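Written out below as structure tokens is the structure these notes cover.
Chains as they are written, first to last, in the numbering used here: chain A, 1 to 721; chain B, 1 to 365.
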């Protein structure tokens with residue numbers, strides 16, 4: 001229709017060439033409009049899908065699965081390359097993940113640093129005669145290590161020749177002894193219940209075989225991360241990172257969820273995904289030859305299932321499960337996007353037989369063509385549009401007023417799309433609670449089309465060229481780590497390269513082709529919007545640095561909420577108790593009698609006490625009225641009194657909570673018999689809580705809690721007073 | 001302005017129109033964000049306020065004698081927080097707090113909360129949800145009424161245990177089991193819909209607190225056409241050590257779906273059903289490799305030294321990695337280390353199996 005209307009401008013003598021060019025531009029015009037429509041449709045579907053997911057999972061208590069012996073076992077695969085700086089913390093964090101049956105396989109992919117040595121030393125590893133079923137071909141394995149420490153018996157470490165991430169993951173799949181494998185980037189911050197949520201679809205689907213599940217990845221730059229826990233979500237202060245944060249929201253919240261609902265998802269982020277080990281082996285594991293191995297594997301698995309005529313699905317969890325650090329420098333971002341583009345091309349080329357092939361149903365008729373037309377071709381068309389625009393501008397054929405109109409249109413669509421994604425994020429997860437964070441994202445949505453997006457397009461075009469010229473490397477990636485970003489604001493990893501923003505979109509037109517050239521420009525600019533989603537198709541799998549996991553998700557588990565309440569209760573009662581102490585010394589009761597006991601503390605950060613069992617009286621300096629704990633040696637007691645009066649915070653590692661005093665004492669005695677000589681009973685209101693120990697520094701308390709959870713009781717918790 | 005617009009050519013008008021729509025849409029979206037944020041923040045503020053208030057209130061009711069049922073202070077609270085007088089948000093806050101607290105208490109305290117729930121008429125709204133609400137309100141109502149042990153709601157709930165809506169039926173099954181305990185399991189053999197693995201675990205978690213004698217006989221479930229019912233039955237049998245059902249579970253080792261066979265073997269192992277070892281040896285050649293692996297695994301725990309030669313034979317003659325591995329581990333478990341050492345020093349038909357033998361000999365693994 002547009003074509004016909006546009007043609008009205010030309011006289012009947014218009015040449016065939018003019019008509020052809022006009023038709024071409026009009027096709028591009030339609031292409032652009034279809035992109036707009038497809039994006040808006042995907043957004044709508046995604047929003048509905050997320051709402052549905054939230055409603056369906058409103059009732060789920062993930063603790064049910066956490067505590068049961070029947071939960072399916074999972075092998076967590078963590079490839080590591082030159083991760084010496086953070087590997088110890090990262091592995092410890094993975095080991096502390098909330099799940100009942102799992103093993104962790106760390107694959108040292110020929111690191112040049114001390115990664116393997118550090119692991120051996122820290123986790124008391126020894127080389128063992130581990131038989132490996134080489135179902136997937138891999139590079140040489142130098143050795144398999146197991147810990148001699150019972151506490152780490154879920155840990156297996158493999159030392160192998162360098163072969164890339166795909167090769168390392170294939171080794172992990174070979175070694176895994178369980179039916180499901182989780183592939184993670186060791187340097188991401190995982191939500192503690194990430195594995196529980198990812199495993200649920202495998203257990204909750206009856207009719208179809210779930211072959212893989214993926215989760216939402218979010219940007220952790222500038223977020224408050226401490227001890228591998230995400231304490232507060234913040235928007236990155238760095239512009240490049242902030243643009244990616246917005247891009248990730250658009251891609252994950254508005255893109256993948258829609259594809260998941262239509263069962264057409266063909267990419268699961270390599271930073272976090274669970275796969276059926278059996279199917280992964282049947283299809284031949286990760287492809288060594290591609291740099292987009294995560295997407296390629298999912299496409300191959302789906303293709304295989306269709307060819308086998310098996311009823312299957314790929315699930316997607318819209319909850320933010322994994323927080324990752326994204327590049328903050330243009331050069332690293334460029335390399336990353338270049339690689340993602342090459343990965344996309346490799347995958348599309350390898351599976352070209354599916355293109356509009358009805359045999360592959362939705363995968364062949366919609367998913368693949370969509371990727372081909374709107375994801376791979378988009379940046380190329382955009383670049384083409386730009387070049388054409390410059391060419392036309394040079395020869396003076398640009399209709400500038402129309403150009404400005406087109407610019408407004410594209411800009412308007414881009415901004416609308418960003419605002420829409422923010423609205424959906426706001427309604428569903430409301431992660432960015434601070435007003436300034438929201439404003440920063442909105443601001444970025446206005447600026448990004450002129451600076452960030454052209455760079456991404458440029459990188460994608462370079463990726464296409466590199467692919468043509470046979471480049472197949474990953475390119476070096478650097479991350480600065482969460483430690484530095486936690487509170488200190490933006491510290492750039494590298495000097496930001498000077499990037500000349502690509503001129504605003506292409507636009508067009510002059511005499512002959514009428515509005516046609518404008519169509520190219522439209523395409524070019526419309527594609528601004530589009531490439532975003534595509535970019536994330538290939539997720540992020542850089543060899544970045546630091547920290548990991550282990551975090552509380554109080555809302556997720558009712559018992560933890562209860563703990564919160566208990567803490568509040570205890571806190572309140574302690575305050576009351578402190579007041580009442582001033583009034584009456586009698587209220588200072590000791591927990592029980594017996595001979596005087598002195599407890600020696602090797603740990604300077606811990607406070608201890610003493611008490612006289614025979615008299616069943618507190619020693620004169622025993623303090624903490626209602627918090628009945630073992631009193632201290634005289635010298636220590638004095639110190640403690642000072643601490644209390646100076647309102648210093650105490651940290652209790654609680655083992656159990658009882659209404660009956662006898663039960664608490666029983667537990668305390670049991671703990672003391674087990675070697676927890678610092679165990680005390682703490683009373684508040686009508687409850688008696690047993691603490692393993694009391695600390696006056698949060699760090700020590702957390703370290704202690706970590707060890708207790710790992711080795712003794714996963715349900716222990718920290719009480720801060 | 002309008003005249004100027006009309007004076008433009010079609011394409012310009014078309015694009016201009018879209019720009020206007022986008023602009024309008026963006027403004028609407030921005031307002032949407034503002035409204036959403038304002039509403040969310042206000043809601044959170046209110047929730048925080050009411051949460052604090054209700055937590056204190058509930059603690060008083062639970063622990064302070066002055067606030068015990070029958071006391072005037074208790075009655076005052078009941079009158080003040082009668083659900084019929086409370087705004088919806090406040091009522092939800094109260095219910096949520098009560099549910100959280102209820103999950104963490106038992107015995108007398110739980111009963112106090114249940115009584116309070118009824119006294120302030122919160123059950124009325126839950127029942128209205130169950131009767132008239134959308135599926136998610138119904139599901140929420142099930143959860144609420146079962147948490148507060150409102151047995152009168154059982155009839156309302158049990159109608160949904162085989163409902164087409166998966167969430168609704170799962171919640172109804174859960175609520176039925178919570179309200180009536182193992183007795184409610186009558187619905188299981190009649191189910192036309194499968195019980196997902198997840199749902200089985202959720203129900204098992206609720207059943208665990210009961211004594212084995214409270215659990216009904218599930219032998220007839222094992223005859224069901226619904227595979228998920230067979231698996232659920234085998235799990236119940238295993239968990240409650242219903243030894244007498246062992247023979248019936250054993251039959252399913254020959255089930256056409258290896259998955260069902262594997263789950264039944266897990267049950268046999270958990271049951272320590274040694275009597276079934278003979279049958280397992282008999283079934284072994286007839287089943288698929290993944291089931292054979294599980295049989296080896298089961299025999300490693302239930303078998304005896306008479307099986308050692310069988311394991312040795314499997315190591316020597318089978319190329320299948322998992323079968324050889326499980327045979328070797330079974331040998332180790334049943335005291336066949338000497339045989340493993342012999343195999344280690346011997347030329348094996350499949351050299352790979354030597355690695356497996358060494359793996360089994362390495363006790364550090």
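Every residue, glycine too, gets a C-beta built ideally from N, C-alpha and C.
Computed from a predicted structure; not experimentally measured.
Inset, instruction - Could you confirm whether any beta carbon from chain A is found closer than 8 angstroms to the beta carbon of residue 40 of chain B? - result: In the second chain, counting from the first residue as 1, residue 40 of chain B sits at position 40. So yes, residue 40 of chain B belongs to the interface.
Inset, instruction - Within the same chain, show all residues whose beta-carbon is closer than 7 angstroms to that of residue 166 of chain A, passing over the 5 residues directly before and after it, in chain order. - result: Residue numbering aside, residue 166 of chain A sits at position 166 when the first chain is read from its first letter. Taking C-beta separations shorter than 7 angstroms and ignoring five residues to either side along the sequence, the partners of residue 166 of chain A in its chain run 286, 287, 288 and 293, following chain order.
Inset, instruction - Could you tell me whether the Cβ of residue 359 of chain B comes closer than 8 angstroms to any Cβ of chain A? - result: Within the second chain, the letter at position 359 stands for residue 359 of chain B. For residue 359 of chain B, the nearest beta carbon of chain A is closer than 8 angstroms to its own beta carbon.
Inset, instruction - Pull up the DSSP beta-bridge partners for residue 141 of chain A, would you. - result: Here residue 141 of chain A refers to the residue found at position 141 when the first chain is read from its first residue. Residue pairing by DSSP places residue 141 of chain A opposite A:160 in a beta bridge.
Inset, instruction - Would you mind working out which of B:339, B:15 and B:84 sits nearest residue 722 of chain A, comparing C-alpha positions? - result: Lying outside 1 to 721, the shown extent of chain A, residue 722 of chain A is not represented and no answer is given.
Inset, instruction - Ignoring anything shorter than 3 residues or poking outside the region 55 to 80 of chain A, list the beta strand (DSSP E) runs there in chain order. - result: Counting only runs of 3 or more, we get 74 to 80.
Inset, instruction - Output yes if chain B places a C-beta closer than 8 angstroms to the C-beta of residue 148 of chain A; else output no. - result: To locate residue 148 of chain A, count along the first chain from 1; it is residue 148. Yes, residue 148 of chain A counts as interfacial toward chain B.
Inset, instruction - For residue 136 of chain B, decide whether its Cβ has a neighbour in chain A, counting only Cβ atoms nearer than 8 angstroms. - result: Numbered from its first residue, the second chain carries residue 136 of chain B at position 136. Taking Cβ atoms only, chain A reaches closer than 8 angstroms to residue 136 of chain B, which makes this a yes.
Inset, instruction - My understanding is that residue 263 of chain A touches residue 213 of chain A, with C-beta atoms under 8 angstroms, so please give their C-beta distance in whole angstroms. - result: What you label residue 263 of chain A is simply residue 263 of the first chain in a count that begins at 1. What you label residue 213 of chain A is simply residue 213 of the first chain in a count that begins at 1. Incorrect: roughly 13 angstroms between the Cβ atoms, too far for contact.
Inset, instruction - Hey, could you find the ends of the beta strand (DSSP E) residue 106 of chain A is sitting in? - result: Position 106 of the first chain holds residue 106 of chain A. Unbroken beta strand (DSSP E) run through residue 106 of chain A: 102 to 109.
Inset, instruction - Kindly indicate which residue of A:399, A:159 and A:465 has the alpha-carbon position closest to the one of residue 78 of chain A. - result: The residue given as residue 78 of chain A occupies position 78 in the first chain. Per the Cα distances, A:159.
Legend entry - Closer than 7 angstroms at the beta carbon, the chain A residues around residue 355 of chain B: On the second chain, residue 355 of chain B is found 355 positions in, with the first residue counted as 1. By Cβ distance, chain A contributes 131.
Legend entry - Run of the alpha helix (DSSP H) containing residue 289 of chain B, from where it starts to where it stops: Taking the second chain and counting its residues from 1, the one referred to as residue 289 of chain B is at position 289. Here the alpha helix (DSSP H) through residue 289 of chain B covers 289 to 302.
Inset, instruction - State yes or no: is the C-beta of residue 337 of chain A within less than 8 angstroms of the C-beta of residue 463 of chain A? - result: The residue labelled residue 337 of chain A in the question sits at position 337 within the first chain. The residue labelled residue 463 of chain A in the question sits at position 463 within the first chain. With respect to the 8 angstroms criterion, residue 337 of chain A and residue 463 of chain A are classified as neighbours on the basis of their beta carbons.
Inset, instruction - Have a look at residue 420 of chain A and residue 92 of chain A and give me their C-alpha separation to the nearest angstrom. - result: If you number the first chain from 1, residue 420 of chain A lands on position 420. If you number the first chain from 1, residue 92 of chain A lands on position 92. Answer to the nearest angstrom: the Cα atoms are 39 angstroms apart.
Inset, instruction - Whole angstroms is fine: what's the gap from residue 199 of chain A's alpha carbon to residue 22 of chain A's? - result: Indexing the first chain from 1 puts residue 199 of chain A at position 199. Indexing the first chain from 1 puts residue 22 of chain A at position 22. Looking at the two C-alpha atoms, the distance is approximately 53 angstroms.
Inset, instruction - Give me the Cα-Cα distance between residue 185 of chain A and residue 435 of chain A, rounded to the nearest whole angstrom. - result: What you label residue 185 of chain A is simply residue 185 of the first chain in a count that begins at 1. What you label residue 435 of chain A is simply residue 435 of the first chain in a count that begins at 1. Approximately 31 angstroms between the Cα atoms of the pair.
Legend entry - Beta-bridge partners of residue 212 of chain A, as assigned by DSSP: As a working note, residue 212 of chain A is residue 212 in the first chain. Answer is A:275 and A:314, bridged to residue 212 of chain A.
Legend entry - Three-state secondary structure assigned by DSSP to residue 326 of chain A: As a position in the first chain, residue 326 of chain A is number 326, starting the count at 1. Three-state DSSP puts residue 326 of chain A in coil, outside helix and strand.
Inset, instruction - Reducing DSSP to helix, strand and coil, say where residue 695 of chain A ends up. - result: As a first step, residue 695 of chain A is located in the first chain; it is residue number 695 there, counting from the start. Three-state DSSP puts residue 695 of chain A in a strand.
Inset, instruction - Take the Cβ of residue 314 of chain B as the centre, count every other Cβ of all protein chains shown within 10 Å, and call the residue buried at 16 or more, exposed below. - result: Here residue 314 of chain B refers to the residue found at position 314 of the second chain. Buried.
Inset, instruction - Run the CB neighbour count on residue 164 of chain B, radius 10 Å, all protein chains shown included, and call it buried at 16 or more, exposed below. - result: Here the question's residue 164 of chain B lines up with position 164 in the second chain. If you draw a 10 Å sphere on the C-beta of residue 164 of chain B, you find fewer than 16 other C-beta atoms in it, and that means exposed.
Inset, instruction - Go through the region 20 to 92 of chain B residue by residue and report every complete run of the alpha helix (DSSP H) that reaches 4 residues or more, in order. - result: Within the region 20 to 92 of chain B, the complete alpha helix (DSSP H) runs of at least 4 residues are 72 to 80.
Legend entry - Three-state secondary structure assigned by DSSP to residue 803 of chain A: Any question about residue 803 of chain A goes unanswered here, given that chain A covers just 1 to 721.
Legend entry - Beta-bridge partners of residue 653 of chain A, as assigned by DSSP: As a first step, residue 653 of chain A is located in the first chain; it is residue number 653 there, counting from the start. Paired residue(s): A:693 and A:718.
Inset, instruction - Would you kindly work out how many angstroms separate the C-alpha atoms of residue 663 of chain A and residue 126 of chain A, rounded to a whole number? - result: Residue 663 of chain A sits at position 663 when you count from the first residue of the first chain. Residue 126 of chain A sits at position 126 when you count from the first residue of the first chain. So the alpha carbons of these two residues sit roughly 42 angstroms apart.
Legend entry - Candidates B:214, B:5, B:49 and B:203, of which the one nearest residue 94 of chain B by Cα: The sequence position of residue 94 of chain B within the second chain is 94, counting from 1. The shortest Cα separation from residue 94 of chain B among B:214, B:5, B:49 and B:203 belongs to B:49.
Inset, instruction - Taking 8 angstroms as the cut-off, decide whether the C-beta atoms of residue 195 of chain B and residue 218 of chain B are in contact. - result: Taking the first residue of the second chain as position 1, residue 195 of chain B is located at position 195. Taking the first residue of the second chain as position 1, residue 218 of chain B is located at position 218. No, these two residues do not count as a Cβ contact at 8 angstroms.
Inset, instruction - Report all residues from its chain with a CB closer than 6 angstroms to the CB of residue 444 of chain A; omit the five preceding and five following residues, and keep chain order. - result: Taking the first residue of the first chain as position 1, residue 444 of chain A is located at position 444. So the qualifying residues of the chain are 242, 243 and 246.
Inset, instruction - Figure out for me which residue from A:392, A:203 and A:130 has the closest Cα to the Cα of residue 198 of chain B. - result: Residue mapping note: residue 198 of chain B aligns to position 198 of the second chain, counting from 1. For residue 198 of chain B, the closest alpha carbon among the candidates A:392, A:203 and A:130 is that of A:203.
Legend entry - 8 angstroms Cβ cutoff met for residue 338 of chain B and residue 357 of chain B: Translated into positions along the second chain, residue 338 of chain B becomes position 338. Translated into positions along the second chain, residue 357 of chain B becomes position 357. Cβ distance not < 8 angstroms, so residue 338 of chain B and residue 357 of chain B don't count as in contact.
Legend entry - Delimiting residues of the alpha helix (DSSP H) encompassing residue 279 of chain B: On the second chain, residue 279 of chain B is found 279 positions in, with the first residue counted as 1. Looking at the DSSP string, the run of the alpha helix (DSSP H) that includes residue 279 of chain B is 277 to 283.
Legend entry - Given residue 277 of chain B as reference, the closest of B:188, B:249, B:302 and B:57 once Cα atoms are compared: The residue labelled residue 277 of chain B in the question sits at position 277 within the second chain. Residue 277 of chain B has its Cα closest to that of B:302, out of B:188, B:249, B:302 and B:57.
Legend entry - Top-ranked residue by Cα proximity to residue 113 of chain A, from A:15, A:70, A:690 and A:81: Translated into positions along the first chain, residue 113 of chain A becomes position 113. Measuring from the Cα of residue 113 of chain A, the nearest candidate turns out to be A:81.
Legend entry - Neighbour list for residue 367 of chain B in chain A, Cβ cutoff strictly below 8 angstroms: Only positions 1 to 365 of chain B appear in the structure, and residue 367 of chain B is not among them; the question remains open.
Legend entry - Inter-residue Cα distance where the pair is residue 315 of chain A and residue 672 of chain A: As a position in the first chain, residue 315 of chain A is number 315, starting the count at 1. As a position in the first chain, residue 672 of chain A is number 672, starting the count at 1. Rounded to the nearest angstrom, the two C-alpha atoms are 47 angstroms apart.
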